[in-house]
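End of the sequence shown sits at 252 in the working numbering; the numbers just go up one at a time, nothing left out. So the structure is just underneath, and the comments pick up after that.
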Amino acid sequence: MRVSQIQDCLIVAAGKGTRLKGLGDSKPLVELAGTPLIEHAMLAASAAGVQNFVIVTGYQAERLTAALGQMADKHGWNIKTVFNPDFHLSNGLSVLCGMEHLSGEFYLAMCDHFVEPELYRALAAAELPTGAVGLGIDFRLDNPMVDLDDVTKVELQQGHIKNISKSLAHYNGFDTGIFRANPNLFKAIETAQAKSGDCSISGGMEILAAQGLAIGIDVGTANWIDVDSEDMHVLAERWLAETSVSNSG
4 MRVSQIQDCL IVAAGKGTRL KGLGDSKPLV ELAGTPLIEH AMLAASAAGV
54 QNFVIVTGYQ AERLTAALGQ MADKHGWNIK TVFNPDFHLS NGLSVLCGME
104 HLSGEFYLAM CDHFVEPELY RALAAAELPT GAVGLGIDFR LDNPMVDLDD
154 VTKVELQQGH IKNISKSLAH YNGFDTGIFR ANPNLFKAIE TAQAKSGDCS
204 ISGGMEILAA QGLAIGIDVG TANWIDVDSE DMHVLAERWL AETSVSNSG
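Okay, structure coming up:
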């Protein structure tokens, strides 16, 4: 079993984000309470101890890369950008783009998921079997900040992930989009792609689940919201205004 202090974070920020198109042409740079979504994502990870970021870009890459340079100067972050030319395909391809830059344990996050730093701390504090990949799981099935039509659902047994999909009929947790990962995730995504053409992150997690190496980590009461539509953006803005939550540290 292992408990880690993780200083590296891979963030997927390559997609077009068509459901947020009305709020801006670059999803990672859409602002939430005056701050770009991707900056929120990095602030949360930074508050939990992350110092180094690998950001996978794609759509509007030049604009995003320029903005990331400004954020690096502002916050003192180490940021490496990697371009995914196939950004219109499954998100697992973006994860694979970060493979050569990450050799140890790292967090994996989505640029449009606003999370509290406590979620990262829950992942870091968990004990995982050697080689396992942990996924932050929200067991609050009545969480009002979850879009049931879009969220990835997870079926777990004794902490082990058995099934993961947006279309699951039977599930007992929600995928928060934050992972405590290691290079086994890269291998699993490559295996899923070779076996069935599924190069999604969930496809990789299914491979790990079959090996007993996909673990669900309870995030407790840590709040999170997947801001991938205008409706969810409105909900997130309202929640932030009501709670005065900040990821500044």
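A virtual CB, placed ideally from N, CA and C, is assigned to each residue, including glycine.
Since residue i is in the alpha helix (DSSP H), which residue starts that stretch and which ends it?
i           : result
residue 91  : Careful: residue 91 lies outside any alpha helix (DSSP H) and carries neither H nor E.
residue 58  : Where residue 58 is concerned, there is no enclosing alpha helix (DSSP H), although the beta strand (DSSP E) it sits in stretches over 55-60.
residue 237 : 233-246
residue 42  : 40-50
Quick one: using the 10 Å Cβ neighbour count with 16 as the cut-off for buried, is residue i buried or exposed?
i           : result
residue 78  : exposed
residue 184 : buried
residue 111 : buried
residue 152 : exposed
residue 141 : buried
residue 28  : exposed
residue 72  : exposed
residue 156 : buried
residue 120 : buried
Checking the sheet assignment: what are the DSSP bridge partners for residue i?
i           : result
residue 182 : 111 and 138
residue 81  : 55
residue 160 : 163
residue 177 : 141 and 156
residue 218 : 137 and 163
residue 118 : 227
Give the range of the beta strand (DSSP E) segment to which residue i is assigned.
i           : result
residue 163 : 163-168
residue 73  : Segment 64-78 is the alpha helix (DSSP H) holding residue 73; no beta strand (DSSP E) there.
residue 13  : 11-16
How is residue i classed by DSSP in three states: helix, strand or coil?
i           : result
residue 204 : helix
residue 211 : helix
residue 36  : coil
residue 146 : coil
residue 252 : Residue placement at residue 252 is flagged as unreliable, the pLDDT there being 45, under the threshold of 50; a coordinate-derived value is accordingly withheld.
Excluding the 5 residues flanking residue i on each side, which residues of the same chain have their C-beta closer than 7 Å to its C-beta?
i           : result
residue 187 : 134, 136, 211 and 216
Might you give, ordered along the chain, the residues of its own chain that have their beta carbon closer than 8 Å to the beta carbon of residue i, omitting 5 neighbours on each side?
i           : result
residue 154 : 169, 177, 178 and 229
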